[in-house]
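Under my numbering, the residues of the sequence shown are numbered 2 to 317, in order. Below: the structure, in C-alpha cells.
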Amino acid sequence: MLISRCLFLTAFFVSFGVKASTICVGYYVGNNVGFTSSFVGDQFNKVNIKTHGRWNGGGQNSLYKSLRNFAGFSSYSVAVPKQISLPGSSVQLTLTLSGNVITVPTDNRWQAVFVQQTNEGCAVNTRGVWQQIHAGIRAGQVNIALSGNGLPSGRYQLDVPYILAWGSSTDGNANRDFQDTWKAGNVGTSNVTGYFSLDFTIKNKCEITSVNNELVLKHGTMTPDVVSGSKVISKELSLSCETPTGVRFQFQPQKVDLGNGVSSRLTLKISDREYSDNPVSAVIDNSKLRVISTLQGKPGAAGELYGVSVLTALYD
C-alpha cells in the first residue's frame, strides 16, 4: 500500500505600525488676533445678517500643549455660540456657521467650523501641559449668519465671543485634527480668544408701541349680577407703518375662558372704529389701537377671574 503524505505550510506576514493621532492643540488668547467683521443682508422687520469674519496673518499669543515637537500639519477652526442675547433684551439671536460644522462636544451651546489646514507642526514639546507661546497664524475667514425676530426698530451693537484654535499632527488628517481640537481636555468654550462686534439697524415696516408687549385689562371688583356685560377698554397703543400697509389682526382666542362660568369676548378698536370680527384686516398708516373686553356669564361663586389671549398683527 502506498501512502502519500502532504505537508501544508502556511505563512503569516504581520506588520506593526504606530497609529497617527493629533499630537498638539492650541488656541489664541487676548483678543489680539484682529478678528474683524462686515455684514450684508436684510435688516427689515427682522435680523437677517450674513457676516464675513476675517483675521490677518502674523504671530499671536496663544496657549498650546504638545506631546513632542514635530514638522507636520495644523488644522484651524473657529467656535462661536449657537445663540446669543442682546444686552438689555430677552430676544435671542441665532448664529449659523457655514461649512464643516460640529457641535462642541463639551458644550452643546457652542459650534465650531473647520477653516483651513496649513503645512506646519508644533515647535515646542510642552509634555502635554498648557504653555503660553507666540504662535504663527495665517490669514483666514469664516462665514456667519445672524438671524432673529422680535426686535423693535433701532440701532444695536452685539459683541460675539469666539475661539480660534488648532490641532496638529504628522499625517495631516484634517477632519480628525479638527474634531480632536474640541474634545474634552483640549480646547473648551471657556478658552475665549476674544470678541468681534456687530453694529446693525432694525427698521421695521410697522411698529407697535406697548409696555413689554403686554396689556392688562382689569374689570375690578363686581357683584355677580353686574358681571355679564361689564366692559373695559385698554390704554391706547400706537401702530405706525412707513407706508399704508394691509395688516391682519387676530386674537387667539377671541373668547377667553376666565373660569367660574365667566368668559371675556375681545374686540379691537382701530382709530374710531370697533371691529367685532376675528381676524380683522385693515389698512394701517398711523393708527391708534385699543382692546375691548366684554364679560359674559354669571359666576357661581365669589372669586378671582383670570384669562390670557394673544393678539397678533401680520403684514407683508
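Ideal Cβ placement from N, Cα and C applies to all residues, glycine included. Since this is a predicted model, take the numbers as computed values, not measurements.
| Item | Value |
| --- | --- |
| Closest residue to Pro245 among Ala283, Val130, Ser265 (Cα-Cα distance) | Ala283 |
| Pro153 (DSSP reduced to helix, strand or coil) | coil |
| Span of the beta strand (DSSP E) around Gln117 | 111 to 119 |
| Inter-stretch contact at 8 Å, needing at least 3 Cβ pairs: the region 172 to 191 / the region 138 to 156 | no |
| Classification of Lys289 by the beta-carbon crowding that lies within 10 angstroms, buried from 16 upward | exposed |
| Residue from Thr104, Trp56, Asn174 whose Cα sits closest to the Cα of Arg139 | Trp56 |
| Backbone secondary structure at Pro225 - three-state DSSP | helix |
| Candidates Ser99, Ser67, Asp181: closest to Gln142 by CA position | Ser99 |
| Beta-carbon gap between Gln133 and Tyr77 smaller than 7 Å | no |
| Beta-bridge pairing of Asn49 - partner residues as DSSP gives them | Ser148 |
| Where Leu296 falls, given that 16 or more other Cβ within 10 Å makes a residue buried | buried |
| Nearest neighbour of Val92, chosen from Leu159, Thr127, Ser294, Arg110 [CA to CA] | Leu159 |
| Separation of Val217 from Thr321, as counted between CA atoms | Lying outside 2 to 317, the shown extent of the chain, residue 321 is not represented and no answer is given. |
| Reduced DSSP secondary structure (H/G/I, E/B, other) of Asp178 | helix |
| Endpoints, the beta strand (DSSP E) within which Ala136 is located | 132 to 138 |
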